[in-house]
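Read through the structure below, which is laid out as structure tokens, and then see the notes.
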Amino acid sequence: MTSNKSDIIIAIFLLCFSGIMINDASNIRDLGFEGMKADAWPRVVLWLLVVMSSVMLGKSYIQLKTEGHKDNNTFQVNFSKFKNAFICFGMFLFFLSTLDYLGMLLGGIAFVFGLLTFLGGFSLNLIIKHLTISVLSIGFMWMVFTFGLRVMLPEGEILRVW
Amino acid sequence: MFDVILQAGASVLLDPLTLGLMALGTLAGLLAGAIPGFTIAMGVILTLPFTFGMSPIQGLATMMGVFVGGLSGGLMSGMLTGIPGTPSSVATTFDGFPMVRSGKPGLALGLGLWSSFFGGMISAIILVALAPQLAFLGLEFGPWDYFALIVFALTITVSLSGDNMVKGLIAGLLGLFAACVGEDEINGVARFAFGSDHIRQGFAFLPVLIGLFAFSQLLSDVEDNVKAKSPLMAKTADPVRVEHRKAIALVIKNWINLCRSSFIGIFTGILPAAGGSISNILAYDQAKKASKNRSEFGKGAVDGIIAPEAANNATAGGALIMMMALGIPGDIVTAVMLGALMIHNIIPGPSFIQDEPLLAYGVFIAFFAAHFFMVGLQAFSLKLFLLVTRIPMYVLASVILAYCAIGVFALHNITFDIWVMFAFGVIGYFMRKLGFPLAPMILGVVLGKLAELNLARAIGTSDDYFLFITRPWSLFFILMALVSVLFPFYQNASKDTLFSKLFVPISMIVLSFPLFLMQSPVRMIIAAILLLAGSYFVYKRMSTLQAT
């Protein structure tokens, strides 16, 4: 269950999103062939999304008016509740942004080590444990994919130069 | 026919590598199913990257092992600790856990194991018998009928996936929209690319699916700091010796329950998106209603273990029937399998069994064989499960997130796929938090292109839009879609209302009309039965209403 207010915000966001996409659908080229145009199906989907988002908005607004603010505290802007998820987002974003430089092996080890340490704790014992887990797990997977499945994983500029 | 079956059997059963891969897959599935917080779909998704380098039959046999193993894995944690490993083993805990606590863990595990085995075997037989027939039926479908079938698949997914139908519909539409991004299949025109060459290629199906399902699930698993740092299961269990002989005898003795539950499982599996999580509870409920000893249920009843375990394994066969015969995934797991087939340039559909008989029958045989591996590996997987449960969730989640990135990259060797997985992972996480069901979105992504293609073909073939309601199959699926849209209202309606009393019989009457239009003797008999039964129930309920 989510709060009525968050549903209203999401419905408005979806309406804006649909509006932008419907606007962009007018940029889809018409090749002039017979039959269904390339923009027809996306328009149908987006207009249905507009209708459903409006229903959600109306329903949540009526509920808010009749039942008052119903909040089960599941989607409040509460950083501590979503802290771990945000750490994962941040670490993954860092991993992706540095993939060209660090490559999959070093980047993967750094990602797993960083994530384990942020989520698990910073004591010396844990850091050693996390380092061992990250080197062994990513090293093993890197070997399986590189040598076993013959997948050319990103090498990264650091390893390439070295 | 038998030549093909023999050849397919040889390609699976006489190839040591395929057998070995299937055994590994089953073991992985048993573990994935047993660990709470992990699901079978996640097990199949994580296995997928390893199958890229395999032949199609090896890849599918491996994933079939994970699928079957996962369905049975859930019973271990459910029975030994009372915490179901997967949603498909929720009902197993109702009687499995009490039986274990009453000092019969070996018998409880044995009953679960052998019910799963026999349920799977029954559904495998139905799969082999029914899938080719359904595929044959599917050859009658024109683009109008296919489009209507996809609409039905989406609406039933929405109606069965949660309390909030509007959110389910929005999720399904978002999935359909995600499938629109990139070049369209008919004209090759770029859509919603915003100048990016990568987006112009569209979102590959698997990164989207891994992001939406696995990535977002892992984030949810580590959300709670205390839970993330604790071992996977607070309660530990001791190794148990399974009582095979006694369990087999009891399962066979209760064969009516076994067959009924298996058929409930198969039927639920055939319905798009209605997976093992629904069938196990339905079968348990029916077993309880049919039992002479209802008071025993919840205290360790034998029938209470047989029903859910037979049903959840049988669901797999039902879901495979739809995927193999019509190319419509029965649940998220078969949606992933559909993606795996597409990687190997195989598109399941009505002509799939005819065009690729070796592969199709290979899948059937792998489904059979995986059940034997499941029985053989249960004892070993139980030991492994007890070891794995000591690992904290944050360690597993961190390693698996990295593994997802490597696996997704291996798909097309482009970093953009990892970005797609990440983006959809974030979207999936917030959708979970905001109460949007993910199953309709996943089915929307899987079926979006197929829906558009068939709609374009239908409009290209004829500009008569009435064909959608004048063609019998199309009309049948549209009516089914309407029934499935109304179904949640029926479920929530008070039992005394007119709507609640007449919903089922009127649905039966309405659905009989397109069957009459098909002008085939068998279908007309079914239509007549539906019409007569529906009319009888309407008369009966109206007379009861008038009397009161």
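Chains A and B are the protein sequences, given in the same order. When you read off a place in the first sequence, starting at 1, and then add 30, the result is the number in the numbering used here. When you read off a place in the second sequence, starting at 1, and then add 10, the result is the number in the numbering used here. All C-beta atoms, glycine included, are put in the ideal place defined by N, C-alpha and C.
> Is there a Cβ from chain A that is less than 8 Å from the Cβ of isoleucine 196 of chain B?
Replying inline: Within the second sequence, the letter at position 186 stands for residue 196 of chain B. Yes, isoleucine 196 of chain B counts as interfacial toward chain A.
>> Which residues of the stretch 115-128 of chain A have a Cβ closer than 9 Å to any Cβ of chain B? Give them in chain order.
In response: For the stretch 115-128 of chain A, which is checked against every Cβ of chain B, the residues closer than 9 Å are Ala115, Ile117, Cys118, Phe119, Met121, Phe122, Leu123, Phe125 and Leu126.
> alanine 466 of chain B: which of B:Thr57, B:Asn197, B:Ala503 and B:Leu16 sits nearest, CA to CA?
Replying inline: The sequence position of residue 466 of chain B within the second sequence is 456, counting from 1. Selected option, being the one with the closest Cα: B:Asn197.
>> Between B:Pro153, B:Val138 and B:Ala18, which has its C-alpha nearest threonine 601 of chain B's C-alpha?
In response: The question about residue 601 of chain B has no answer, for chain B in this structure spans 11 to 558.
>> Strictly by DSSP, which residues pair up with phenylalanine 402 of chain B?
In response: Counting from one through the second sequence, the residue named residue 402 of chain B turns up at place 392. Note on identity: in this sequence residue 402 of chain B is proline, with phenylalanine being the wrong assignment. In the DSSP assignment, the residues bridged to proline 402 of chain B are B:Pro241.
> Which value, in whole angstroms, describes the spacing of the CA atoms of glycine 138 of chain A and methionine 171 of chain A?
Replying inline: Taking the first residue of the first sequence as 1, we reach residue 138 of chain A at position 108. Taking the first residue of the first sequence as 1, we reach residue 171 of chain A at position 141. Glycine 138 of chain A and methionine 171 of chain A have their C-alpha atoms spaced approximately 10 Å apart.
>> Rounded to the nearest angstrom, what separates leucine 512 of chain B and serine 504 of chain B at their Cα positions?
In response: The sequence position of residue 512 of chain B within the second sequence is 502, counting from 1. The sequence position of residue 504 of chain B within the second sequence is 494, counting from 1. If you take the alpha carbons of leucine 512 of chain B and serine 504 of chain B, they lie about 12 Å apart.
> Helix, strand or coil for methionine 31 of chain A per DSSP?
Replying inline: Position 1 of the first sequence, counted from the start, is the residue given in the question as residue 31 of chain A. Caution is warranted here: a pLDDT of 49 is assigned to methionine 31 of chain A, below 50, making its placement in the model unreliable, and the coordinate value is therefore given only provisionally. Residue state, collapsed to three classes: coil.
> Beta carbon of phenylalanine 390 of chain B, beta carbon of alanine 44 of chain B: below 8 Å?
Replying inline: For the purposes of this step, residue 390 of chain B is taken as the residue at position 380 of the second sequence. For the purposes of this step, residue 44 of chain B is taken as the residue at position 34 of the second sequence. By the CB criterion at 8 Å, phenylalanine 390 of chain B and alanine 44 of chain B fall outside the cutoff.
> Using a beta-carbon distance below 8 Å, is leucine 189 of chain A in contact with chain B?
Replying inline: Residue 189 of chain A sits at position 159 when you count from the first residue of the first sequence. Taking Cβ atoms only, chain B never reaches closer than 8 Å to leucine 189 of chain A, which makes this a no.
> In chain A, what lies closer than 8 Å to valine 232 of chain B by C-beta?
Replying inline: Your numbering for residue 232 of chain B matches position 222 in the second sequence. Residues of chain A passing the Cβ test: Asn114, Ala115, Cys118 and Leu149.
> Closer than 8 Å, CB to CB, is methionine 194 of chain A near chain B or not?
Replying inline: Any property of residue 194 of chain A remains undetermined from this structure, which presents chain A solely from 31 to 192.
> With distances taken from CA atoms, which of B:Gly122, B:Pro97 and B:Gly95 is nearest glycine 106 of chain B?
Replying inline: Locating residue 106 of chain B in the second sequence gives position 96, where the first residue counts as 1. Ranking B:Gly122, B:Pro97 and B:Gly95 by Cα distance to glycine 106 of chain B puts B:Gly122 first.
> Can you tell which of B:Ile342, B:Gly95, B:Val78 and B:Met89 has the C-alpha that lies nearest to the C-alpha of alanine 118 of chain B?
Replying inline: Sequence index remark: in the second sequence, residue 118 of chain B carries index 108 (1-based). From the listed residues B:Ile342, B:Gly95, B:Val78 and B:Met89, the smallest Cα separation to alanine 118 of chain B is found for B:Met89.
> Given that valine 85 of chain A touches chain B, what residues does it touch there, using C-beta distances under 7 Å?
Replying inline: Counting from 1 along the first sequence, the entry for residue 85 of chain A is found at position 55. Under the 7 Å cutoff, chain B gives Val176.
> Alpha carbon to alpha carbon, what distance is there between lysine 177 of chain B and phenylalanine 152 of chain A?
Replying inline: By 1-based counting over the first sequence, the position of residue 152 of chain A is 122. By 1-based counting over the second sequence, the position of residue 177 of chain B is 167. Near 41 Å, if we compare the C-alpha coordinates of lysine 177 of chain B and phenylalanine 152 of chain A.
> Given a threshold of 16 other Cβ atoms within 10 Å of its Cβ, counted over all protein chains shown, does aspartate 427 of chain B qualify as buried or as exposed?
Replying inline: Taking the second sequence and counting its residues from 1, one reaches residue 427 of chain B at position 417. Taking a 10 Å sphere around the C-beta of aspartate 427 of chain B, we find 16 or more other C-beta atoms and assign the residue as buried.
> Counting contacts by CB-CB distance shorter than 8 Å, is serine 153 of chain A in contact with chain B?
Replying inline: Numbered from its first residue, the first sequence carries residue 153 of chain A at position 123. No, its Cβ sits nowhere closer than 8 Å to a Cβ of chain B.
> Going by other Cβ atoms of all chains shown within 10 Å of its Cβ, with 16 needed for buried, is serine 99 of chain B buried or exposed?
Replying inline: By 1-based counting over the second sequence, the position of residue 99 of chain B is 89. With 16 or more Cβ atoms within 10 Å of its Cβ, serine 99 of chain B is classed as buried.
>> Can you tell me whether serine 305 of chain B is helix, strand or coil according to DSSP?
In response: What you label residue 305 of chain B is simply residue 295 of the second sequence in a count that begins at 1. For serine 305 of chain B, the three-state secondary structure derived from DSSP is helix.
> Going along the chain, which residues of the stretch 128-142 of chain A sit with their C-beta nearer than 7 Å to a C-beta in chain B?
Replying inline: Residues of the stretch 128-142 of chain A with a Cβ closer than 7 Å to any Cβ of chain B, in chain order: Leu129, Met134, Gly138, Phe141 and Val142.
> So which residues on chain B does leucine 146 of chain A lean against when the C-beta distance must stay under 9 Å?
Replying inline: Within the first sequence, the letter at position 116 stands for residue 146 of chain A. Counting only Cβ-Cβ distances below 9 Å, leucine 146 of chain A has contacts in chain B at Tyr404, Val405, Ser408 and Val409, in chain order.
> From methionine 31 of chain A to methionine 441 of chain B, what does the alpha carbon distance come to, in whole angstroms?
Replying inline: For the purposes of this step, residue 31 of chain A is taken as residue 1 along the first sequence, with counting starting at 1. For the purposes of this step, residue 441 of chain B is taken as residue 431 along the second sequence, with counting starting at 1. With a pLDDT of 49 at methionine 31 of chain A, under the threshold of 50, the predicted position of this residue should be treated as unreliable, though the coordinate-derived value follows. The alpha-carbon separation between methionine 31 of chain A and methionine 441 of chain B amounts to approximately 12 Å.
> Which value, in whole angstroms, describes the spacing of the CA atoms of phenylalanine 509 of chain B and phenylalanine 486 of chain B?
Replying inline: Position 499 of the second sequence, counted from the first residue, corresponds to residue 509 of chain B. Position 476 of the second sequence, counted from the first residue, corresponds to residue 486 of chain B. Rounded to the nearest whole angstrom, the C-alpha separation of phenylalanine 509 of chain B and phenylalanine 486 of chain B is 21 Å.
>> the ligand ATP and tyrosine 404 of chain B: does any heavy atom of the ligand fall closer than 7 Å to the residue's C-beta?
In response: Within the structure as shown, the ligand ATP is missing, as the structure has no ligands at all.
> With distances taken from CA atoms, which of A:Tyr91, A:Pro72 and A:Leu183 is nearest valine 52 of chain A?
Replying inline: Indexing the first sequence from 1 puts residue 52 of chain A at position 22. This sequence places isoleucine at residue 52 of chain A; valine is not what is there. Checking every option, the nearest Cα to that of isoleucine 52 of chain A belongs to A:Pro72.
> Cβ of methionine 134 of chain A within 8 Å of Cβ of isoleucine 416 of chain B?
Replying inline: Within the first sequence, the letter at position 104 stands for residue 134 of chain A. Within the second sequence, the letter at position 406 stands for residue 416 of chain B. Taking the C-beta atoms as reference points, isoleucine 416 of chain B is found nearer than 8 Å to methionine 134 of chain A.
>> According to DSSP, is tyrosine 575 of chain B part of a helix, a strand, or is it coil?
In response: Only positions 11 to 558 of chain B appear in the structure, and residue 575 of chain B is not among them; the question remains open.
> Are the beta-carbon atoms of asparagine 290 of chain B and alanine 101 of chain B separated by less than 8 Å?
Replying inline: The count along the second sequence starts at 1 and reaches residue 290 of chain B at position 280. The count along the second sequence starts at 1 and reaches residue 101 of chain B at position 91. Yes, the pair counts as a contact, with Cβ atoms nearer than the cut-off.
> By a C-beta neighbour count over all protein chains shown, 10 Å radius and 16 as the cutoff for buried, is leucine 27 of chain B buried or exposed?
Replying inline: Start at 1 with the first residue of the second sequence, and residue 27 of chain B comes out as number 17. Exposed is the label assigned to leucine 27 of chain B, since fewer than 16 other Cβ atoms lie within 10 Å of its Cβ.
> Going along chain B, which residues have a C-beta under 9 Å from serine 56 of chain A?
Replying inline: Here residue 56 of chain A refers to the residue found at position 26 of the first sequence. The premise fails here: serine 56 of chain A is roughly 11 Å from chain B at the closest Cβ pair, so nothing lies under 9 Å.
>> In whole angstroms, give me the CA-to-CA distance for serine 133 of chain B and leucine 40 of chain B.
In response: Taking the first residue of the second sequence as position 1, residue 133 of chain B is located at position 123. Taking the first residue of the second sequence as position 1, residue 40 of chain B is located at position 30. Between serine 133 of chain B and leucine 40 of chain B, the alpha-carbon positions lie close to 19 Å from each other.
> Within 8 Å (strictly less), CB to CB, does isoleucine 220 of chain B reach chain A?
Replying inline: Reading the second sequence from its first residue, position 210 is the one you call residue 220 of chain B. No - not a single Cβ of chain A is within 8 Å of the one on isoleucine 220 of chain B.
> For alanine 350 of chain B versus alanine 321 of chain B, is the C-beta spacing smaller than 8 Å?
Replying inline: If you number the second sequence from 1, residue 350 of chain B lands on position 340. If you number the second sequence from 1, residue 321 of chain B lands on position 311. Cβ distance not < 8 Å, so alanine 350 of chain B and alanine 321 of chain B don't count as in contact.
> So, is asparagine 502 of chain B buried or exposed, given that buried needs 16 or more other C-beta atoms within 10 angstroms?
Replying inline: Counted from its first residue, the second sequence places residue 502 of chain B at position 492. Exposed, since its Cβ has fewer than 16 Cβ neighbours within 10 Å.
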